[in-house]
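> Handing you a structure now.
Residue numbers (my numbering): 10 to 333.
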């Protein structure tokens, strides 16, 4: 088996698992990203298997059909159905296996961005590195309002940490009710109230057809001039043109961002230079612990497939709903 490992940005693939334990697998890592589908097809046409890191590379039907040799896809994490055409993989006889993932790492990054924005850590650190000293005033969390868009597996722990900081925590999502928020000590509010009253608004709602653009230009316009928007979920949840305009015009305090329409982000993108943006290169899940899970379980998945007894299959008849 020839196995291509895509988007190995940290050049970690050969360190994170003992590939030598599978002598029949030839592993070829790629540390750059293939943006163009034609480039991706050219890269993969001589491989039997491919391993991808989360949603970094998409596999629509057209790409899959152009890779007749491909028989195994080693996905990582479970939410893959929007970036891999699973019906096409079934029709083409491509087995898709995936891995577990620690989700709390994104909760941790969310709070890193919130604290960084509120205490202006990025600006003060830049001044310090340049030989300067204090250049502004941060803002404390106690008594401020944290708005959580989506009170699920991510939103709940984010909200609980906010309460520990003494924040007033509110939440909204299309189907959220006071009965569901009350056990968490969170106030259920309308969407309009969420955006108008939050000092920090953080997004933790899954991407689906119904949630694309759920944060609209009108929603951003309701935010306070000193409020921060934090997105560690998916870029398509937010009207990116409206957000960029609001940041340019300083109609909101700023944004903490970890996800983007194009990744890696172009070097001339305004998010790289706007002073009121604290941005990270999609590192919510990028921890040593998660990547060890990705590589070690992917190796197990490849061995099991070669043995004729595939495991963690996500495109079979009994595939978990978690892949959505």
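The beta-carbon is built from N, C-alpha and C at its ideal position, and this holds for glycine as well.
Model, not experiment: these values are computed from the prediction.
Take residue 288 and list the residues in its own chain whose beta-carbon comes closer than 6 angstroms to its own, dropping the five residues that flank it on each side.
Same-chain partners within the cutoff: 266 and 280.
> Could you give the uninterrupted runs of the beta strand (DSSP E) lying entirely in the segment 228-281, keeping only those of 3 residues or more?
Entirely contained in the segment 228-281, the beta strand (DSSP E) runs reaching 3 residues are, in chain order, 237-240 and 263-266.
> Enumerate in chain order the residues of its own chain whose CB-to-CB distance from residue 222 is below 8 angstroms, with the five nearest sequence positions on each side excluded.
245, 246, 247 and 248.
> Ends of the alpha helix (DSSP H) at residue 49?
That run of the alpha helix (DSSP H) goes 46-53.
> If distances are taken between C-alpha atoms only, which option among 174, 180, 171 and 149 comes closest to residue 161?
Of the candidates 174, 180, 171 and 149, the one whose C-alpha sits nearest the C-alpha of residue 161 is 180.
> Just mark residue 330 as buried or exposed, buried being the case when its beta carbon has 16 or more other beta carbons within 10 Å.
Residue confidence for residue 330 is low, a pLDDT of 41 falling below 50, so the modelled location carries little weight; the figure read from the coordinates is stated next. By the neighbour-count rule (16 or more Cβ atoms within 10 Å), residue 330 is not buried but exposed.
> What residue range is occupied by the uninterrupted beta strand (DSSP E) comprising residue 35?
Taken as a continuous stretch (DSSP letters only), the beta strand (DSSP E) holding residue 35 covers 35-38.
> Applying the 10 Å Cβ sphere with the 16-neighbour rule, what's the burial state of residue 89?
That one is buried.
> Using CA coordinates, which residue listed in 272, 240, 273 and 276 is at the minimum distance from residue 264?
Of 272, 240, 273 and 276, the residue nearest in Cα terms is 240.
> Looking at C-beta atoms only, is the number of pairs between the segment 96-110 and the segment 298-310 that lie closer than 8 angstroms three or more?
Yes, the segment 96-110 touches the segment 298-310.
> By Cβ distance below 7 angstroms, which residues in the same chain neighbour residue 182 in space, the five residues on each side in sequence not counted?
Hits under 7 angstroms: 158, 159, 160 and 214.
> To the nearest angstrom, how far is it from the Cα of residue 269 to the Cα of residue 67?
Cα to Cα, the separation comes out at about 14 angstroms.
> Is there contact here, the segment 230-237 with the segment 248-262, by at least three beta-carbon pairs under 8 angstroms?
Segments in contact, yes.
> Whole angstroms is fine: what's the gap from residue 2's alpha carbon to residue 43's?
For residue 2 there is no data in the structure shown, the boundaries of the chain being 10 and 333.
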